[in-house]
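Protein chains in written order, with this note's numbering: chain G, 1 to 466; chain S, 1001 to 1260.
Here is the structure we will look at, set down as structure tokens.
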Amino acid sequence: MLKKTDPAVIQSYLEDSSNLSGGFADGLFLPENEKEIIEITKECSSKAIPLTTSGGTTGTTGGCIPFGGWILGTEKLNKIIDINQKSKTAIVQPAVTLDALDIELKKLNLLYPPDPTEATAFIGGTAATNASGSRSFKFGATRNWIKRIKVIFSTGETQNIERGKLLASKQIHNNLSYKTPNIKTSAGYYYNDNSDLIDLFIGSEGTLGIITEIEVNLINRFHDTFDIIAFFKTEKDAVDFAEQIKTSDILTLEFFDHNSLGLLRPAYPQIPENSGAAVYFEAEALELDQLAQMLEKHNVKLEESWLGTNDKQKEELRKFRHAMPEHINEEFKKHNTIKYASDIAVPDDKFREMLNYYNSQLTSHNSQLFWVKFGHIGQNHLHVNLVPKTQNDIPIAKETILKFVKKAVSLGGTCSAEHGIGKIKHEYLQEMFGLKGISEMVKIKKHFDPSRILNQGNIFPRELLK
Amino acid sequence: MEIAVCIKQVPDTAEVRINPETNTLIREGVPSIVNPFDENAVEEALRLREKHGGKVTIITMGPPQAIEALKQTIAMGADEVYLISDRAFAGSDTWATSYTLACAIKKLVAYDLILCGKQAIDGDTAQVGPGIAEWLSIPQVTFAVKIEVDGKKAKVERLLEEVNEIVEVPLPAVITVVKQINEPRIPSLKGMLKAKKAEIKTLSAQDVDADQTITGLKGSPTRVVKIFAPPVKGGGEIIEGSTDEVVSSLTQKLRERKII
């Protein structure tokens, strides 16, 4: 089996998109098959060596970054085992990237709908974090598309977990009181009275077992879609429009606030002046005339709305959408600060209240904090990013996000709709589930990982594992 | 300022398949787009119109489905579009095509400037733009990366392999553009609604006063003898090992092949 202890090699496993620093590890395993993974887990369990599974390192919460012990790099397990055109399913190993699967599916006119922005993400990683993308407005998060996973536990045992076969509550035997809210969420172990065991593992951030095989559902590719970016005079116009278009047949629905457009304007000088907000959506089978009327009703100038109908134009518009996180990450880098960003979603009927709260808090403090609000308005899920420009702004940024989380929780929302908890959002998860909820999650962890070696520090602090 | 832009509808992919018997492109199942360089020409015409006023007229010669390509240019903001379509045009080479387009331009536009893409991505001949200039007996400037119009003349920067060349040309003239000249705009919703409703004027050989002995296969002095895909290059060889091993292995291989 391939083992590496060269610090230069290990270094590349100590970073993801979270800017979390300080990670370290004694060595790296690069297993090539399940047999080797079983050996590794048995060895680490018997010696109580922490083992952190690492995929494409595209996460945003430090989930793959080890703080001691060994790393298990899944990258050699990168085979597409089977694509079944008849049943519209695919079986892949965890290190197959979204891109690599899509290249094969394209040839067969099939599609795996989840579209987390980073196409180099490993499918194993997207399962471990229940990743979402802009199309999760229509298709839901990754968990909706996973039919079966094969898991190796820290004991070395292997289990095939198939959707529809086992309830999570039947496996755990403890009475758990916490419940995962019924909204877009990726915060802590997914659990409620009737939840499937497979859903407990999807989004468990590598803490319960190592996923070695994933069977996913596929659909036929669709061709006749079009993309629109519409610019609104005011944020209210944009939000009103988003609420109305939500009930139509659309695939994505994204929002950009005034500051977001300001940040993008140097790269996109064609953004109309005096735009208060913008909405990007991808639609199927929508009548353009009706749509135009709807937009005009919300004070949009049709000559200032961008429309993509062919692949090249749609790609241009998608680039505009993807430019947003890239530009804001550049801002964080420029001001030499870690990322202060919310990942909050709330129930449909609470979105406006949440939005008003964001605005009142963001304008109430007296600082040079720069902020943008953008993201998945279709699922009541905006990313509010706060860039501290001075040392004095840092505590304000931290405190503001914590306030957002508290407000969201009071509205029945989630502290993390898609990015997960990883090693940087423990405090928020505790706001959401309380100490009792967290201690129940620790029980789940200990049940499936009795030696407590897997991905320590993800979801809750490792001290709780003692 | 009256600007005519000639465009071509082409298959949207580099993986074009060829019918080995007829040596022609298999178009079924391949989506069609406006030739990318022609999109740059349309964009440049629209920008010149925004600056100097006037009108942009788009002309294409092709089968009826080329209407879709014309609609795309309406969505971008073109004022008028014409499809020149006639069975008599079938099998046209670049000689016959440039003649036919020249006839249409003469008939339809009081042109100050004619813009084309530098070439079409399917045929890659780069001959039709210059051909139009010859048929109309006006000057031509190819590979333009920058165009400044000043009254009755234009200053054009040409993108050449080693250097850029700036030339001045009296108008009217034909200018062909490279993709570096601009970034074609994304159509607006308003433009697309207009395009959807637009009725596209289709003109025949007779309508544009084309002499039918110079059009189509009959009027084409060139014949395509064979089209084939070039043989695929073999994969490279990766030499692994320590630096010393790699260097000695590489130099030995290069010597064997008499490269060094």
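Note that beta-carbon positions come from the ideal geometry of N, C-alpha and C, so glycine has one too.
None of these values were measured; they are calculated from a predicted model.
*Determine which residues of the segment 278-303 of chain G have a Cβ less than 9 Å from any Cβ of chain S, and write them out in chain order.*
Going along the segment 278-303 of chain G in chain order, one finds L288, D289, L291, A292, L295, V300, K301, L302, E303 with a Cβ nearer than 9 Å to chain S.
*Leaving aside the five residues before and after Y280/G along the sequence, list all residues of the same chain whose C-beta is less than 6 Å from its C-beta, in chain order.*
I229, E254, R321
*If we count the other Cβ atoms within 10 Å of its Cβ and call it buried at 16 or more, is E303/G buried or exposed?*
Here E303/G is exposed, its C-beta having fewer than 16 other C-beta atoms within 10 Å.
_Assuming A128/G is part of the beta strand (DSSP E), what are its boundary residues?_
Looking at the DSSP string, A128/G is not in any beta strand (DSSP E); the run it does join, the alpha helix (DSSP H), is 123-129.
*Output, in sequence order along the chain, the residues in the segment 1172-1204 of chain S whose CB is closer than 8 Å to any CB in chain G.*
Cβ contacts with chain G: R1185, I1186, P1187, S1188, L1189, K1190, G1191, M1192, L1193, K1196.
*Pick from H327/G, W70/G, H335/G that is closest to D393/G, judged by C-alpha positions*: Relative to D393/G, the option among H327/G, W70/G, H335/G whose CA is nearest is H335/G.
*Give me the Cα-Cα distance between G457/G and S275/G, rounded to the nearest whole angstrom.*
43 Å
*Given L264/G, which residues of its chain have a CB within under 8 Å of its CB, disregarding the five upstream and five downstream residues?*
F256, I271, F320, A323, M324, H327
_I'd like to know whether the C-beta atoms of L1160/S and Q1180/S end up nearer to each other than 8 Å._
no
*So is M1/G buried or exposed if we call it buried at 16+ other beta carbons inside 10 Å?*
exposed
_Proximal residues of chain S, C-beta to C-beta of N310/G below 7 Å_ = I1033
*Does the separation of the CB atoms of A277/G and E235/G fall below 8 Å?*
yes
*Cross-chain neighbours of Q313/G in chain S, by beta carbon under 8 Å*: I1186, P1187
_In the DSSP assignment, the beta strand (DSSP E) including C415/G goes from what residue to what residue?_
Per DSSP, C415/G belongs to no beta strand (DSSP E) and is neither H nor E.
*Could you tell me which residues DSSP pairs with S1188/S in its beta bridges?*
W306/G
*Go to W145/G, then tell me how far its beta strand (DSSP E) extends in each direction, as first and last residue.*
Looking at the DSSP string, W145/G is not in any beta strand (DSSP E), and its letter there is neither H nor E.
*asked:* According to DSSP, is M1061/S part of a helix, a strand, or is it coil?
replied: strand
*Exposure label - E215/G; buried when at least 16 CB within 10 Å*: Classified as buried, E215/G has 16 or more neighbouring CB atoms from the shown chains inside 10 Å of its CB.
*What residues in its chain sit with their C-beta under 7 Å from that of F226/G, if we drop five residues either side in the sequence?*
A283, L307, G308, T309
*asked:* Please report the straight-line C-alpha distance between V1149/S and R318/G, rounded to a whole angstrom.
replied: 35 Å
*With a CB to CB cut of under 8 Å and the five nearest residues on each side skipped, what residues in its chain are close to I250/G?*
F137, K138, F281, E282, A283, E284, L286, G378
*Counting only runs that start and end within the segment 167-232 of chain G, where is the beta strand (DSSP E) found for 3 or more residues in a row?*
Within the segment 167-232 of chain G, the complete beta strand (DSSP E) runs of at least 3 residues are 210-217, 225-232.
*Mind pulling the chain S residues with CB within less than 8 Å of S305/G?*
S1188, L1189, K1190
*By a C-beta neighbour count over all protein chains shown, 10 Å radius and 16 as the cutoff for buried, is A1110/S buried or exposed?*
exposed
*Rounded to whole angstroms, what's the CA-CA distance from I161/G to Y112/G? Just pull it up for me.*
20 Å
*Could you tell me if A48/G is buried or exposed, where buried requires 16 or more neighbouring beta carbons within 10 angstroms of its beta carbon?*
exposed
_For V1156/S, the three-state DSSP class (helix, strand or coil)_ = strand
*T1073/S lies in the alpha helix (DSSP H); which residues open and close that run?*
1067-1076
_Sequence-distant residues of its chain with Cβ nearer than 7 Å to I152/G (five each side left out)_ = Contacts found: E34, I37, I38, T41, T158, G209, I210, T212.
*Chain-ordered chain S contacts of L317/G [CB-CB under 9 Å]*: I1186
*Please classify N366/G: is it buried, with 16 or more other beta-carbons within 10 angstroms of its beta-carbon, or exposed?*
N366/G is classed as exposed because its beta carbon has fewer than 16 other beta carbons within 10 Å across all chains shown.
*Counting only the same chain and skipping the five closest in sequence on each side, list residues whose C-beta sits under 7 Å from that of I1239/S.*
V1246, S1249, L1250
*asked:* For the alpha helix (DSSP H) containing Q1252/S, name the first residue and the last one.
replied: 1243-1256
*What did DSSP end up calling K1008/S once you bin it into helix, strand or coil?*
coil
*Report all residues from its chain with a CB closer than 6 Å to the CB of K4/G; omit the five preceding and five following residues, and keep chain order.*
Hits under 6 Å: L28.
*Of all the options E1068/S, I1121/S, T1215/S, A1004/S, which has the alpha carbon lying nearest to the alpha carbon of V1042/S?*
Minimum Cα distance to V1042/S is reached at A1004/S.
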